[in-house]
C-alpha cells in the first residue's frame, strides 16, 4: 500500500474512531431544555452494586418484624400490650403469632414442620419468578427461616413507569400465592372440578407475543385442554347458528355464547387488579381461539413489562401450584450503591486512568507501534461499550464484575501487543530486515495468542454454563474475550499495516537499532 493511500486511510479511520468514541463514551451533555445526549456507557442497565436499588420483605401472615412488633407494643396501653405480647413468640429478628389460625408454631412456640415445608416451596417459586422475569441482578434471600428479603436494581424501568413504581409492582405481583382456575358461566370447568385437579392438567404455558407492535398472551394447552377448547368453540358456534336461524324464522331462542374466565381468586394481588381493572379474571371469547391456542389481545398502550410479569406469574402457578399461606409486603426501601451515589463516577475515573496509562506505556515502550496499541485499546473500548449497551436492553445489567471483565480484556490486549513487539525486536536482532522481522514476529506469536484466547473462551463458556447465578457477568466475559481476540489477531494487524506503510522511517517506527549502527555512532 502506498504512503498517500495509507495516510488517507488512516485519516478516515481516525475520524471514524473519534465518531464511535463520541457515541460510546463522550460525557452526557444537555442538548435542549428537556433532551440530553447520552453516550452508550451512560445507557447501561446498572446492577445494584453500581446504582443501588430497592428492597422489601415478604412476611407470612402472622409474622411481624421486630421493629413493627416494638412499635405496636409502644402504642398500646399496658394491659393490651401484655395481651399482645403473650400472643407472640420471638424467632430471631421476627415475632410469630401463636394464633392457630396461622398454623405457624405449635403450643411450645416451635415452627410447625408443615408450615416450614410450605414456606420453602413458596420461596423456591418466588425466587424462580424473579429469575424468569429476566432480572439479571436481583436477590432473594431467606430471613430467619420464615421470611424473604428481595432486592431489585434501581435501573429496572419500563415504558410507562419509573424504577420505584416498577419495583413496587414487581414486589406486589410476585408475592401472589393463590391459585388460578378456569371458569365457564361462573362455574369451574369440568376438567378442573376435582380435588386433585390443577391448572397444569389443562394449561401447558403462557407466552408473551407481539404483533403489529401490540402485545398479546398466547395460552398453550395440554391434550386435555385442547379438547376443552375445541368443545368450547363448537358450543359457541352452535349457539350462534341457532340464534341466526331463530332470527330468520322470527322465533325466540335460549342459545347464548359463553366465555372462559381465567380466574385468580379473591386474593389477587394489587398488580393483577390493576392489570384487569376491578376484575380478577381474564375473560376469553371463542373468537380468541386460534387452532389449539388462545391469543388474548391487549390494549395497544399496554406496558409489555406488566404483560411479561403476568405471564411469569401464570407460568409459576402452572409449575408450582398454589400455597397455603399469604405474604404481606413490608414498606419498600431504597439502598445506595456500594460506595455511595458516586460509585459509578469513581469507577469510570479509574477505568479512564487505566486506559490512559496503558496507551502511554505503549507509546513510551514501543514507539509508533504503541500508537497501534492505542488504536486497538480504543477500538476495544468502543466495541465492548456498544455491545454492553445493546445487551443491557433486557439481557443483562452492568456490575462491578462486568467492569472487571472489561478491564481484564483491555489489559490483555495491551500485554499481547507488547508480546508481539518483543517478538519483532527479537527477529530483527537476528539480522533480518524490518519487513521480515514483522512477518516473523507475527507468525511466531500467532498460534500462542490463539491458544490463549481459545483457553479463555472455553473457560468463559464453562463459566456461563456452570454458574447460573453469574450468567450476565459470564456473558460479558465472553464478549470481552471475543472482542480482545478480534482486536489482537485481526484489527491491530490491519492498523499496523496501514501505519507502517505510511511511515517514512520503519526503523524509528519500531525503535529498532542495529548493534553495528550503535558501534558506528560511538
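In my numbering, the protein residues as written are 31 to 552.
Positions of the beta carbon are idealized from the N, C-alpha and C atoms, including for glycine.
Remember, predicted model here, so these are calculated numbers, not experimental data.
Residue from the options whose Cα sits closest to the Cα of residue i
i	options	result
residue 322	281, 262, 375 and 346	262
residue 238	434, 326, 354 and 221	326
residue 272	224, 259 and 287	287
residue 409	515, 428, 378 and 362	515
residue 313	34, 160, 405 and 249	249
residue 202	269, 122, 84 and 275	84
residue 430	537, 213, 81 and 364	81
residue 372	109, 316, 79 and 101	79
residue 42	289, 528 and 537	528
residue 209	344, 183, 432 and 536	344
residue 472	457, 52 and 47	457
residue 533	402, 392 and 89	402
residue 316	269, 412 and 295	269
residue 384	340, 433 and 418	433
residue 540	479, 462 and 399	399
residue 122	129, 93 and 104	93
residue 195	170, 222, 103 and 363	363
Neighbour-count burial assignment, residue i, 16 or more Cβ in a 10 Å radius
i	result
residue 394	exposed
residue 163	buried
residue 106	exposed
residue 447	buried
residue 45	exposed
residue 380	exposed
residue 337	buried
residue 207	buried
residue 386	exposed
residue 193	buried
residue 355	buried
residue 365	exposed
residue 535	exposed
residue 507	buried
residue 361	exposed
residue 382	exposed
residue 177	buried
residue 155	buried
residue 245	buried
residue 167	buried
residue 146	exposed
DSSP beta-bridge partners of residue i
i	result
residue 239	246
residue 87	179
residue 35	DSSP output for residue 35 lists no bridge partner at all.
residue 352	The partner list for residue 352 (beta bridge, DSSP) is empty, contrary to what the question assumes.
residue 409	Paired residues: none, contrary to the question.
residue 364	84
residue 293	211 and 311
residue 120	125
residue 359	88
residue 326	247
residue 95	124
residue 141	135
residue 218	213
residue 437	Per DSSP, none; premise fails for residue 437.
residue 150	For residue 150, which the question treats as bridged, DSSP gives no partner whatsoever.
residue 320	323
Rounded separation between residue i and residue j - CA only
i	j	result
residue 173	residue 351	23 Å
residue 470	residue 436	30 Å
residue 524	residue 518	10 Å
residue 292	residue 438	51 Å
residue 124	residue 359	14 Å
residue 227	residue 319	23 Å
residue 138	residue 198	37 Å
residue 61	residue 368	Low local confidence applies: a pLDDT of 48 at residue 61 is under 50, so the model's placement there is unreliable, and no value is given.
residue 165	residue 181	11 Å
residue 378	residue 38	33 Å
residue 459	residue 496	47 Å
residue 260	residue 114	56 Å
residue 20	residue 184	With the chain running from 31 to 552 in the structure shown, residue 20 is simply not present.
residue 110	residue 132	21 Å
residue 264	residue 420	47 Å
residue 153	residue 488	34 Å
residue 389	residue 407	8 Å
residue 63	residue 52	Low per-residue confidence applies at residue 63: pLDDT is 43, beneath 50, and the placement is therefore not dependable, though the value from the model is reported in the following sentence. Straight-line Cα distance between these residues: approximately 21 Å.
residue 453	residue 464	12 Å
residue 251	residue 236	9 Å
residue 218	residue 211	7 Å
Residue i: CB within 7 Å of a non-hydrogen atom of the ligand COA
i	result
residue 543	Only the bare structure without any ligand can be found here, which leaves the ligand COA out of the picture.
| query | Counting only runs that start and end within the region 166-212, where is the beta strand (DSSP E) found for 3 or more residues in a row? | reply | The qualifying runs are 169-173 and 177-183.
| Curious, which full-length alpha helix (DSSP H) runs of at least 4 residues does the region 258-291 contain? | Counting only runs of 4 or more residues that sit fully inside the region 258-291, no alpha helix (DSSP H) segment turns up.
| said: Please give me, in chain order, every unbroken run of the beta strand (DSSP E) with length at least 3 that falls completely inside the region 513-542. | reply: The DSSP assignment places no complete run of the beta strand (DSSP E) inside the region 513-542 (cut-off: 3 residues).
| request: Just list the beta strand (DSSP E) runs in the region 453-495, keeping only unbroken ones of 3 residues or longer that don't cross its boundaries, in chain order. | output: Runs of the beta strand (DSSP E) inside the region 453-495: none found.
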